[in-house]
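Please read the structure below before turning to the comments.
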Amino acid sequence: FVFFLITSSWTLLSILTAVVSDNMIHTTSQQDKLLQIQLAEETHKEHIRELTALFSDMDADEDGTIDKDELESYLRDPDKSAKFTQVCRVPCADAMEVMSVLSHG
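So for the sequence shown, the numbering used here puts the first residue at 2; every next one is plus one.
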């Protein structure tokens, strides 16, 4: 009988430990997912701020639009060109090609 009680108690303790561990792992997983989502949102917001600042800097005549001449003028400066490539994540040549197609299309 004593052996039965010891074995039962040990088995019950093992089961409870497994349930608590599983619950903690699940909770940690959910927290990790939420943290990744929050980080992605913050990164996205920062990218939007950088793009807004970049396009404001590019808009030389401050009319709220960027024409082909403004883009070409901006990209002539090597520092600004590097900033454009970094923020837009697009090579300058590709941006010029898109602007050319848009202005002729």
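Using N, Cα and C, we set each Cβ at its ideal position, and we do this for glycine too.
None of these values were measured; they are calculated from a predicted model.
Pick from the options that is closest to residue i, judged by C-alpha positions
i, options, result
"SER57", "VAL21, GLU71, THR44 and GLU47", "GLU71"
"THR53", "LYS69, PRO79, ASP23 and PHE85", "PHE85"
"GLN87", "GLU73, GLU51 and SER9", "GLU51"
"MET100", "PHE5, ILE49 and GLU73", "GLU73"
"ASP60", "HIS48, HIS45, LYS81 and GLU47", "LYS81"
Status (buried if at least 16 other CB within 10 Å, exposed otherwise) for residue i
i, result
"LEU76", "buried"
Neighbourhood of residue i by C-beta distance below 8 Å, restricted to the same chain and skipping five residues each side
i, result
"ASP89", "Strictly speaking, residue 89 in this sequence is Cys, with Asp absent from that position. Closer than 8 Å at the Cβ level, and outside the excluded window around CYS89, lie LEU52, LEU55 and ALA96."
Touching by the beta-carbon criterion (3+ pairs, under 8 Å), the region 32-43 and the region 62-81: no
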